[in-house]
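What follows is one structure encoded as structure tokens, with my remarks underneath.
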Amino acid sequence: MYGWLGPKLSCGMFFLSRYALTQVPIARLSSSRMSTSRKRNDKAGQSSFVLYSAQYNLTVIPIFRWWDFIFYRCCEIDTSMKTKSARLPACIELPECTLLENGTCFVRLRTLDELDVFWSKHRDRFAFACEGHTSNDPSFLHEYEWVFGASKAAVVRTVLRWGQSGIVCEFYDWAKHDPQMHEIFFLDRNANRDYMIEKGIWSAKNEADFRADCVRRSVESYRGWWRFCNLPNGYSSNEWLNGSRGHRELIDPHMAYQDVATELQEQTFDDWRLSDFCELESHNGESIDELLQYWKNERAKGEGYYGDENVSPACTSPSTSD
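Under the UniProt record's numbering, think of the first position of the sequence shown as 1, with each following residue one higher.
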């Protein structure tokens with residue numbers, strides 16, 4: 001099916017990964033998923049593609065209109081192993097002001113003073129937190145809702161309502177479900193190296209990185225990757241994590257499930273911290289201190305600030321659940 005594309009795919013100007021075609025030097029690759037990004041809040045069937053060009057001064061070949069159909073077909077085939085519908089995490093009630101079994105605490109902090117008091121009392125207990133930003137039909141947390149915890153993974157488990165929402169981990173067998181694109185990945189990796197050598201821009205560091213990547217991601221060892229599935233509200237399993245963040249790709253199908261879940265949860269926390277995900281923001285202790293100081297400064301200047309429209313009693317002392 002793709003045979004007639006061979007000369008264009010192997011010209012070395014572009015890197016064809018799982019989702020789209022983009023120009024990427026192999027030395028920059030930490031995951032093949034970094035070549036394409038879709039906005040995380042795009043719903044199914046409403047994807048918008050963004051191509052990232054390489055950080056090298058190479059001439060980019062224009063992509064003509066007849067490519068769009070090909071890439072759309074390659075990118076949009078749904079090979080998810082979803083087996084059941086996920087429950088919306090935001091609709092699964094969490095006990096408020098209660099220390100849960102995984103060491104997290106869910107609270108509603110509707111004013112700046114409530115947030116300040118809670119954090120002052122419990123900063124030594126909780127190293128991490130996640131804050132809801134959306135008031136209209138959120139998937140995970142409403143505005144002014146927080147989850148605090150001692151670990152990144154624990155915070156994410158509570159936010160996702162792990163074990164209740166239907167969100168689980170799966171190993172996506174890329175080689176089985178999309179063998180042609182799997183084969184093209186390796187062909188184009190070699191073509192990219194050949195092109196850069198021909199142009200005289202392939203360094204010893206590039207070669208070392210290339211050889212290491214070939215060992216780690218061989219045809220036999222790189223058959224697919226672990227990911228979340230059964231995500232709610234049309235969130236894509238493939239686009240859940242931002243590939244450009246450099247997250248470690250979990251490609252061992254025999255990796256212990258709990259280890260997979262914990263690492264993907266930690267990666268999710270880091271992604272929420274660094275991305276512009278409109279629904280949620282994750283925090284460490286330092287960022288909470290910075291947030292409080294910022295809103296206090298805004299209040300002192302007479303500007304709008306966190307929770308200025310709300311008045312409600314503070315929740316300051318989580319009790320341990322039985």
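Every residue gets a Cβ at the ideal spot worked out from N, C-alpha and C, and that includes glycine.
- With respect to the 8 Å criterion, R227 and N238 are classified as neighbours on the basis of their beta carbons.
- With a beta-carbon spacing of about 11 Å, L112 and F118 fall beyond the 8 Å limit used to define contacts.
- Secondary structure note for L274: its alpha helix (DSSP H) is the uninterrupted segment 257 to 274.
- Straight through space, the alpha carbons of A150 and N310 are spaced by roughly 28 Å.
- Per the DSSP secondary-structure output, W225 pairs in a beta bridge with Y172.
- Beta-bridge pairing by DSSP links E131 to W146, E281.
- The Cβ-Cβ distance between W272 and E281 falls below 8 Å.
- In the DSSP assignment, L115 falls within the alpha helix (DSSP H) that extends over 112 to 122.
- Within its own chain, the residues whose Cβ lies closer than 6 Å to the Cβ of T262, once the five positions on either side in sequence are excluded, are A153, listed in chain order.
- DSSP, read as helix, strand or coil, puts W162 in coil.
- Judged by beta-carbon spacing, N230 lies within the 8 Å limit of V168, meaning their Cβ atoms are closer than that value.
- In this structure the region 181 to 191 does not touch the region 131 to 147; the number of beta carbon pairs closer than 8 Å is below three.
- Annotation for E96: F106, V107, R108, C315 place their beta carbon closer than 8 Å to its own, counting only its chain and skipping 5 residues before and after.
- If you look at R211, you'll find it in the alpha helix (DSSP H) that goes 204 to 216.
- For P179, the secondary structure class from DSSP, reduced to helix, strand or coil, is helix.
- Annotated three-state conformation of D308 is coil, per DSSP.
- Its chain contains W146, E281 as the residues whose beta carbon lies nearer than 6 Å to that of E131, once the 5 sequence neighbours on both sides are disregarded; these appear in chain order.
- The criterion of a C-beta distance shorter than 8 Å is satisfied by R223 and D173.
- Between the C-alpha atoms of N284 and T104 there is a straight-line separation of about 14 Å.
- With fewer than 16 other CB atoms across the displayed protein chains lying within 10 angstroms of its CB, H254 is exposed.
- Here DSSP, grouped into helix, strand and coil, assigns S287 to helix.
- Taking R87 as the centre and dropping the five residues before and after it, the same chain places the C-beta of S165, G166 closer than 6 Å to its C-beta, in chain order.
- The Cβ atoms of H133 and C278 lie closer than 8 Å to each other.
- For V260, same chain residues with a beta-carbon under 7 Å away, outside a window of 5 residues either side, are C169, W226, L250 in chain order.
- Considering only T158, L100, R123, the residue with the shortest C-alpha distance to F269 is T158.
- Remark: C-beta atoms of I288 and A175 do not approach each other more closely than 8 Å.
- Taking the Cα of P89 as reference, the smallest distance to any Cα among G304, L292, P232 is reached at P232.
- Annotation for M196: W202 place their beta carbon closer than 6 Å to its own, counting only its chain and skipping 5 residues before and after.
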